[in-house]
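Protein chains in written order, with UniProt numbering: chain A, 1 to 240; chain B, 1 to 240. Where is the CB? At the ideal position from N, CA and C, for every residue including glycine.
2 protein chains.
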Amino acid sequence: MSRRLLLVSNSTLYGGGYLQHCEHNISHFFGKQVKRVLFVPYALHDRDAYTKTARDKLKSLGYEVDGVHEAADPVEAVRKAEAIFIGGGNTFRLLKALYDNNLVNEIKKRVLQDGVPYMGSSAGTNVATVSINTTNDMPIVYPPSFSAIGLVPFNINPHYLDTDPNSRHMGETREQRITQYHEELNTPCVLGLREGSMLQVEGNTVTLLGTTNARLFQRGKEPSEHAPGSDLSFLLTDAQ
Amino acid sequence: MSRRLLLVSNSTLYGGGYLQHCEHNISHFFGKQVKRVLFVPYALHDRDAYTKTARDKLKSLGYEVDGVHEAADPVEAVRKAEAIFIGGGNTFRLLKALYDNNLVNEIKKRVLQDGVPYMGSSAGTNVATVSINTTNDMPIVYPPSFSAIGLVPFNINPHYLDTDPNSRHMGETREQRITQYHEELNTPCVLGLREGSMLQVEGNTVTLLGTTNARLFQRGKEPSEHAPGSDLSFLLTDAQ
Chain A
1 MSRRLLLVSN
11 STLYGGGYLQ
21 HCEHNISHFF
31 GKQVKRVLFV
41 PYALHDRDAY
51 TKTARDKLKS
61 LGYEVDGVHE
71 AADPVEAVRK
81 AEAIFIGGGN
91 TFRLLKALYD
101 NNLVNEIKKR
111 VLQDGVPYMG
121 SSAGTNVATV
131 SINTTNDMPI
141 VYPPSFSAIG
151 LVPFNINPHY
161 LDTDPNSRHM
171 GETREQRITQ
181 YHEELNTPCV
191 LGLREGSMLQ
201 VEGNTVTLLG
211 TTNARLFQRG
221 KEPSEHAPGS
231 DLSFLLTDAQ
Chain B
1 MSRRLLLVSN
11 STLYGGGYLQ
21 HCEHNISHFF
31 GKQVKRVLFV
41 PYALHDRDAY
51 TKTARDKLKS
61 LGYEVDGVHE
71 AADPVEAVRK
81 AEAIFIGGGN
91 TFRLLKALYD
101 NNLVNEIKKR
111 VLQDGVPYMG
121 SSAGTNVATV
131 SINTTNDMPI
141 VYPPSFSAIG
151 LVPFNINPHY
161 LDTDPNSRHM
171 GETREQRITQ
181 YHEELNTPCV
191 LGLREGSMLQ
201 VEGNTVTLLG
211 TTNARLFQRG
221 KEPSEHAPGS
231 DLSFLLTDAQ
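Dropping the structure here:
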């Protein structure tokens, strides 16, 4: 399988600019063959402003950007795309717009069958997985399904946050929320990607990149910690 | 309209026991006429354990508790209920189970037409409003709709949390999330109920109770702060 993915936890890291913390990863991932990237701004309300932000940043790395919402036919735009980048924002809004524009299966086909490189950030990382069941976002709109593009057979929790032992807030911790997910039947494993970390998938090889550990939750097992550089290829096969 | 509601932000306040911070409000709300309360434990996985927790607490206040899941026919149990209490946990799981058991309309009818007192806590407060679009919970299951019981014409964000100016975490703040909700068309106002606060509704009168301010978000307006004791009855009419 020629699948190529770069799944980033967060678009902006504290103290840095938009995509600054992963710009060398982006350059390495898209490489010199890619000239134009199709950007999907559906997760934010102002699609033009969002596309400008992505365009300015990727231009500085040597890539032209087309906004999928600028195309007369978004499906045709995906069919012609050299590379796809889905940005962060609200995951429910994003997934609903992907369904409304008939892009879920089209993107899946392009990435898994044609080997088109796919980059996602935050919500764009969520929708690359099995489902959006482990997003942190507020359900501001109702998508026709929580099933997502399914480029990998596991789920991701972006912006993964450790429990703050000093907190007086009584809402569930992130770990408790993921544990609740695993109380449900037939739920895949969940990789908690802390801010600063990302996953690169090349065919059947998965590597954790960035500067922070990831925390893996498997149904009925103790969570495990994985350091940057770890080979997580087992997530593609036996970790469900 | 004979509607009577007690909508609590959180089941447990830091440093206290289950429902301890609002026990005098509960006693005052159910009063001496109510003898038995129908408890809905659907928001947590272990319904028996959860019902025991609620039963022990309410027994100490003088009320017997029946778990709706213990009834052969949950709809019939709602039809016979003297009072209803829906507990917190995962809002998606709760709302899906309410639909699966055909209780959404039945509870609405009992509360709005028959004047059966309704108490909700956290997720149980969310499902009493227009929709669960402003829950904080992880979408671990897919309910057939985000529309909720609709006992009031506005939404609530329980466990409302102020922005922490010292945080280095880059996920959206609670206020940003609610603002994103209001970017969508035809969205009702959202009352952010901080932990420690609750809303009592008696017919067409709404009063903020508890120990913390509430923050009100109306589409296209600046948010406003309201102190305990405030009359928020305008939320029932002109605040959409």
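One or two residues paired with residue i in a DSSP bridge
i: LEU98/B; result: According to DSSP, which records beta bridges pairwise, LEU98/B is partnered with nothing at all.
i: TYR18/A; result: THR12/A
i: ILE149/B; result: Partner(s): none; ILE149/B has no beta bridge.
i: LEU7/A; result: GLY120/A, LEU199/A
i: ARG36/A; result: GLU64/A
Cutoff 9 Å: residue i Cβ touching any chain A Cβ
i: GLU222/B; result: no
i: ASN133/B; result: yes
i: ARG215/B; result: no
i: ARG93/B; result: yes
i: ALA97/B; result: no
Contacts of residue i in chain B (Cβ-Cβ under 8 Å)
i: SER145/A; result: TYR142
7 Å Cβ cut-off: residues of chain B touching residue i
i: GLY171/A; result: ASN136, HIS159
Under 9 Å from the C-beta of residue i: neighbouring residues of chain A
i: THR12/B; result: MET170
Cβ of residue i within 9 Å of any chain B Cβ
i: TYR181/A; result: yes
i: ARG47/A; result: no
i: GLY15/A; result: yes
i: ILE86/A; result: no
i: THR187/A; result: yes
i: residue 249/A; result: The question about residue 249/A has no answer, for chain A in this structure spans 1 to 240.
Contacts that residue i makes with chain A (C-beta to C-beta distance below 7 Å)
i: ASN90/B; result: GLN180
i: GLU184/B; result: ILE140, VAL141
Under 9 Å from the C-beta of residue i: neighbouring residues of chain B
i: GLU195/A; result: ARG168, HIS169, MET170, GLY171
Min CB distance residue i to chain E below 9 Å
i: ARG4/A; result: Of the chains in the structure shown, none is chain E; the protein chains are A and B.
Proximity test, residue i beta-carbon vs the ligand NAP heavy atom, cut-off 8 Å
i: PHE234/A; result: Here there are no bound small molecules, and the ligand NAP is not part of this structure.
* **Contact between the segment 154-163 of chain B and the segment 101-108 of chain B (3+ Cβ pairs under 8 Å)** => no
* Output the residue ranges of the alpha helix (DSSP H) runs that lie fully inside the segment 150-237 of chain B and measure 4 residues or longer, sorted by chain position. => 174-182
* Within the chosen definition, does the segment 134-145 of chain A reach the segment 166-182 of chain B through at least 3 CB pairs nearer than 8 Å? -> yes
* To do: Report the residue ranges of all beta strand (DSSP E) runs contained in full by the segment 74-143 of chain B; include only those spanning at least 3 residues, in chain order.
  => 84-86, 118-121
* Contact between the segment 26-35 of chain B and the segment 227-237 of chain A (3+ Cβ pairs under 8 Å) -> no
* To do: Decide if the segment 62-70 of chain A is in contact with the segment 116-126 of chain A; the criterion is three or more beta carbon pairs, one per stretch, under 8 Å apart.
  => no
* Evaluate contact between the segment 124-132 of chain A and the segment 142-155 of chain A, counting only Cβ atoms and requiring at least three cross-stretch pairs below 8 Å. => yes
* **the segment 86-94 of chain A touching the segment 38-47 of chain A, judged by at least three CB pairs closer than 8 Å** => yes
* If we count Cβ pairs, one from each stretch, closer than 8 Å, do we get three or more for the segment 200-220 of chain A versus the segment 4-24 of chain A? -> yes
* Should the segment 167-174 of chain A be called in touch with the segment 198-209 of chain A, which here means at least 3 C-beta pairs below 8 Å? -> no
* Touch test, the segment 195-203 of chain A against the segment 105-114 of chain B, Cβ-Cβ under 8 Å, three pairs minimum -> no
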